[in-house]
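K.L.:
Quick note on numbering: the sequence shown equals residues 457 to 644 in my numbering. Starting off with a structure, shown below.
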Amino acid sequence: MPWRRAGDSRRRAWGGGVNVEHAAPRVGSVCTGYGGLDLAVEVVLGGRLAWYAETDRHAATVLAHHWPDIPNLGDISVIDWTHVAPVDVLTAGFPCQDISDAGKRAGITGVHSSVWNHVASAVRVLRPRLLFVENVAALLRRGLDVVHADLAEIGYDTSWLCLRASDIGAAHRRDRLFLLYLDKQWRQ
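Have a look at this one:
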């Protein structure tokens, strides 16, 4: 699958250079939603979810059913990340209401989407080797520069791609942006 590297218009395949040493990388998840990104990481990387942080009660019910023994840390705005078990991989699907073309278009500083700041705080403390972020494609215009800058400052390189639900056979377009961040200290 082709990925775009931040600051580079060339397209490349992700694969070489990423070496996750563990047979089953520990995965943490913030703004988990219904857990689709986490399921994908478990399948693709062979990871195991260690904890998640989700406040929506409906989503939390689904997550508790799927991962009954995995703790929900709750609201990421109040978590002391220094007391959270470290993970190899972190996933984040932070709120898109302010970014989406279907929303108010306030951008990443909007009431809902500004949760990004708490995601960045978690990354600063946890320093996972890999970070997967998912959001609407409109993030390209309404905040990707902020996300890239925050993570570059922390020490992460970026690759990204946009996929439509129809690209995998769904009967609707639904453009999504997927970002992969690699902690530079682990790059080989």
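Ideal Cβ placement from N, Cα and C applies to all residues, glycine included. These numbers come from a predicted model, not from an experiment.
Please classify A659: does DSSP put it in a helix, a strand, or coil?
P.N.:
The requested residue 659 does not occur in the structure, where the chain is confined to residues 457 to 644.
K.L.:
Under 8 Å by Cβ, that's how I've got T547 and S615 pegged, so tell me the actual separation to the nearest angstrom.
P.N.:
That pair is no contact at about 15 Å.
K.L.:
At which residues does the beta strand (DSSP E) containing L636 begin and terminate?
P.N.:
First-last of the beta strand (DSSP E) with L636: 631-639.
K.L.:
Please identify the residue among G491, T488, Y490, G503 whose C-alpha is closest to the C-alpha of L586.
P.N.:
That would be G503, whose Cα lies nearest to the Cα of L586.
K.L.:
Return the chain-ordered list of same chain residues with a C-beta closer than 7 Å to the C-beta of V530, the five sequence neighbours on each side being excluded.
P.N.:
The displayed chain sequence assigns Gly, not Val, to residue 530. Excluding residues within five positions, the ones whose Cβ falls inside 7 Å are A509, T511.
K.L.:
Output the distance between the C-alpha atoms of G625 and S577, rounded to the nearest integer angstrom.
P.N.:
So the two alpha carbons sit approximately 36 Å from each other.
K.L.:
Have a look at L619 and D601 and give me their C-alpha separation to the nearest angstrom.
P.N.:
Cα-Cα distance, rounded: 19 Å.
K.L.:
Give me the DSSP bridge partner(s) of S622.
P.N.:
Paired residues: none, contrary to the question.
K.L.:
Under 7 Å Cβ to Cβ from V497, same chain only, skipping five residues before and after it: list those, please.
P.N.:
V483, G503, V545, T547, F588, listed in sequence order.
K.L.:
Count the other CB atoms within 10 Å of the CB of T488; is the residue buried (16 or more) or exposed (fewer)?
P.N.:
Counting Cβ neighbours within 10 Å, T488 comes out buried, since at least 16 surround it.
K.L.:
Under 8 Å Cβ to Cβ from A506, same chain only, skipping five residues before and after it: list those, please.
P.N.:
Within the same chain, A506 has close Cβ partners R482, V483, G484, I526, A541, V543.
K.L.:
L519 and G549 - do their beta-carbons sit closer together than 9 Å?
P.N.:
Against a cut-off of 9 Å, the Cβ pair of L519 and G549 comes out as no contact.
K.L.:
According to DSSP, R482 sits in a beta bridge with which residue or residues?
P.N.:
DSSP, once it has assigned bridges, lists R504 as partnering R482.
K.L.:
Quick check on the burial criterion: 16 or more other C-beta atoms within 10 angstroms. Buried or exposed for A605?
P.N.:
Classification for A605: exposed.
K.L.:
Measuring only the C-alpha atoms, how far is V581 from L607?
P.N.:
Each residue's alpha carbon lies about 12 Å from the other.
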